[in-house]
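Numbering (the numbering used here), first residue to last: 12 to 367. All remarks here apply to the structure that follows.
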């Protein structure tokens, strides 16, 4: 097949960039399966060997602009965000959209939409989904080099990721925690404040990527993922598993598809005692090898590529992935008004902001 992955941004991401990394892994997986692959991205992007860059200037990167640049004989265009209304009418090939986030109540998506988990699809009235896959070569697996601290690695500025809660249960259980994540300039100020207030048992790492991120994931006692919203997937969860690290999380969204009893535990956030008890108990019952094995079997980038290939063949045959347009069904997808304006979490009030 001739496949174009449309994600007009700079690749690879300079910091974390979960969607961007998934695009690169998918491109590599499709290449390995014998397909011709183009990625529509900004000039200067670096792609896996054997994958061709289809340059899209930042000021001319719409789906309409893509129509003028499509390679001859393109079989399918895979969008990573909804294309502009009307652009598909002139598209000479089949198309598919991956929905990477939660829609707002009543939001409508393309018939050929693919979601990130069974739960994610169901909450949008859909059936088609593909679990994200990652490249094991980018992660460390050192099962005998675990330290005594748990790890919180997420967007620390998003209230739904529940940094405040992770800190609270760790303090209550008197266990150590490393906090990492966040890649916006204003997080620097937050980081300084956190570093001065957390204390010996709670260590602030700040933004991490690459080798340092891989090291933190591999050496953590467990990943804490106490999210408060319906998580579409949870890429960092499978990154932890690939690193041989168990996961303690809430049963929100698609997480029950990722975390099973042999690699971690799902605990209701309302049961704070259960969280503290589990943190005190530790992680001896979970084997790093089991975590790695599950990730290799289910969340490898080659598995993801094979799954998308099946959907490509279906849309190329003229079939739609759904009979009816997927529509976001539940307000719980977006959790609450607080989620709409992502806030910087503060572990306690800033005296300067209170005029003290």
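Heads up, the beta-carbon is just placed ideally off N, CA and C, and yes, glycines get one too.
- A straight-line Cα-Cα distance of about 44 Å links residue 18 and residue 185.
- In this structure residue 275 is buried. Its beta-carbon is surrounded by 16 or more other beta-carbon atoms within 10 angstroms.
- Contact check for residue 284 against residue 301 fails: the beta carbons are separated by 8 Å or more.
- For the pair residue 142 and residue 231, the Cα-to-Cα distance works out to about 24 Å.
- Between residue 241 and the set 170, 190, 223 and 212, the nearest pair of CA atoms involves 170.
- For residue 215, the uninterrupted beta strand (DSSP E) run begins and ends at 213-217, by DSSP.
- Taken in chain order, the whole alpha helix (DSSP H) runs of length 4 or more contained in the region 48-91 are 74-78.
- If you ignore the 5 residues before and after residue 269, its C-beta comes within less than 7 Å of the C-beta of 245, 248 and 249, all in its own chain and listed in chain order.
- Residue pairing by DSSP places residue 331 in no beta bridge whatsoever.
- The shortest C-alpha to C-alpha distance from residue 55 to any of 87, 94, 46 and 21 is the one to 21.
- Assignment of residue 312 by DSSP, reduced to helix, strand and coil, places it in the helix class.
- The C-beta distance from residue 139 to residue 319 rounds to 10 Å, too long to fall under 8 Å, and the pair is not in contact.
- With a 10 Å radius around the Cβ and a threshold of 16 neighbouring Cβ atoms, residue 134 comes out buried.
- For residue 178, the uninterrupted alpha helix (DSSP H) run begins and ends at 174-184, by DSSP.
- Where residue 13 is concerned, there is no enclosing alpha helix (DSSP H), although the beta strand (DSSP E) around it starts and stops at 13-17.
- The region 53-67 and the region 302-311 do not touch, with fewer than 3 CB-CB distances between them shorter than 8 Å.
- Taking a 10 Å sphere around the C-beta of residue 124, we find 16 or more other C-beta atoms and assign the residue as buried.
- Beta-carbon to beta-carbon, residue 280 and residue 136 are separated by about 26 Å, too far to satisfy the 8 Å threshold.
- Annotation: residue 258 is outside any alpha helix (DSSP H); the continuous beta strand (DSSP E) that includes it extends over 258-260.
- Rounded to the nearest whole angstrom, the C-alpha separation of residue 106 and residue 13 is 12 Å.
- When Cβ pairs closer than 8 Å are counted between the two stretches, the region 282-296 is seen not to touch the region 116-123, the count staying below three.
- In the DSSP assignment, residue 106 falls within the beta strand (DSSP E) that extends over 105-109.
- Under a 10 Å Cβ-count criterion, residue 156 is classified as exposed, with fewer than 16 other Cβ atoms of the shown protein chains found around its own Cβ.
- In chain order, 150, 151, 152, 153, 156, 254, 255 and 256 place their CB closer than 8 Å to the CB of residue 229, counting only its own chain and leaving out the 5 sequence neighbours on each side.
- Using a 10 angstroms sphere on the CB of residue 60, the tally of other CB atoms stays under 16, which defines it as exposed.
- The DSSP-derived three-state label of residue 189 is strand.
- Residue 30 holds the alpha-carbon nearest to the alpha-carbon of residue 112 among 30, 99, 163 and 78.
- DSSP places residue 125 within a strand segment (E or B) once states are collapsed to three.
- Per the DSSP secondary-structure output, residue 160 pairs in a beta bridge with 187.
- In the same chain as residue 181, and ignoring 5 residues on each side of it, the C-beta atoms closer than 6 Å to its own belong to 188, in chain order.
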